[in-house]
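Asker: Each number in my numbering comes from the position in the sequence shown (counting from 1) with 124 added on.
We put the CB at the ideal spot given by N, CA and C, even for glycine.
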Amino acid sequence: VLTSVQASLPHVEEEVLEPKPANKDSESAQKTSRINREELYALMGGGTELTRIFFALTVLATIVAVIGLLRGDVPVIIGAMVLAPLLEPSMALALGTTLGDIKLIRRAVIANAFGLLIVIVIAIIFGLILQSNISPELPEIASRTTVRIGDIGLALAAGAAGALAITSGVATALIGVVAALALLPP
């Protein structure tokens, strides 16, 4: 007895797929709200590029976050997290892990590591400059150092919503996902 096996393989760059002729099945496939693997790779692969824009947005988001934490201003902190370009490398890492694509995983880890390094260096600089104004008891800092079971549930729900938003091609839903994640402790 032979049974067909379905598996997910890493993206092969050398392979060129020819467009298939349009038929009833392809029309119904186009009507579904899902995007194919090549579109996912194009969407996620761009988020791992270390460009000047990536570095500039990371620096600016860190400055905005520092000011928001010092002021105890939640909307400013959420704005900093929406501004930061670190969500795309994280999603690329998840896609690479799911598909077993070592190249995508490596690029995503490097992008996240550089982003984290930038944030840490800038935070240290601001910490040294503003020593007298920073206290771990500030409400916005203290609230992000305690993780409860509800926070884990929120993270799982937001992650599932992000995966659904990406795979269905509804990128506008990502704004809500980012705002939900901004409320989570690190």
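Run the CB neighbour count on Gly286, radius 10 Å, all protein chains shown included, and call it buried at 16 or more, exposed below.
Answerer: Its Cβ being crowded by 16 or more others within 10 Å, Gly286 is buried.
Asker: Assuming Ala204 is part of the alpha helix (DSSP H), what are its boundary residues?
Answerer: Val198 to Leu207 is the span of the alpha helix (DSSP H), which, as asked, contains Ala204.
Asker: Would you kindly report the start and end of the unbroken alpha helix (DSSP H) that includes Leu254?
Answerer: Neither: Leu254 is in no alpha helix (DSSP H) and is coded neither H nor E.
Asker: Which class does Glu261 belong to by DSSP, given the choice of helix, strand or coil?
Answerer: The answer is coil: DSSP assigns Glu261 none of H, G, I, E or B.
Asker: Among residues of its own chain, excluding the 5 on either side of Ile229, which ones have a beta-carbon nearer than 8 Å to its beta-carbon?
Answerer: Here the set comprises Leu217, Gly220 and Thr221.
Asker: If Thr182 and Gly239 are in contact, beta carbons under 8 Å, what's the gap, nearest whole angstrom?
Answerer: Their Cβ separation, rounded to whole angstroms, is 5 Å, which keeps Thr182 and Gly239 in contact under 8 Å.
Asker: Among residues of its own chain, excluding the 5 on either side of Val190, which ones have a beta-carbon nearer than 6 Å to its beta-carbon?
Answerer: Only Phe250 meet the Cβ criterion.
Asker: To the nearest angstrom, how far is it from the Cα of Leu210 to the Cα of Ile273?
Answerer: Each residue's Cα considered, the two are about 24 Å apart.
Asker: Report the option in Leu184, Leu193 and Val125 whose CA atom is closest to the CA atom of Pro263.
Answerer: When only C-alpha atoms are compared, the closest one is Leu193.
Asker: Between the Cα of Asn236 and the Cα atoms of Leu288, Leu184, Arg195 and Phe178, which residue gives the shortest distance?
Answerer: Residue Phe178 is the option with its Cα nearest to Asn236.
Asker: For Glu151, which residues in the same chain have their Cβ closer than 6 Å to its Cβ, ignoring the five residues on either side in sequence?
Answerer: Here the model assigns Glu151 a pLDDT of 49, short of 50, so the residue's position is not dependable, and the following value carries that caveat. Counting only Cβ-Cβ distances below 6 Å, and skipping sequence neighbours, we find nothing.
Asker: Pro213 and Ala185 - do their beta-carbons sit closer together than 7 Å?
Answerer: Contact flag unset, no.
Asker: Measure the C-alpha to C-alpha separation of Leu288 and Arg161 and round it to an integer number of angstroms.
Answerer: Cα-Cα distance, rounded: 14 Å.
Asker: Rounding to the nearest angstrom, what Cα-Cα distance links Val200 and Val206 in this structure?
Answerer: Cα to Cα, Val200 sits roughly 10 Å from Val206.
Asker: With distances taken from CA atoms, which of Leu280, Ile242 and Val271 is nearest Arg176?
Answerer: Nearest option by C-alpha distance: Ile242.
Asker: Apart from the five residues on each side of it in sequence, which residues of its chain come closer than 8 Å, Cβ to Cβ, to Val245?
Answerer: Result list for Val245: empty, nothing under 8 Å.
Asker: Specify, as a first and last residue, the run of the alpha helix (DSSP H) that Ser214 falls within.
Answerer: Leu211 to Leu223 is the extent of the alpha helix (DSSP H) around Ser214.
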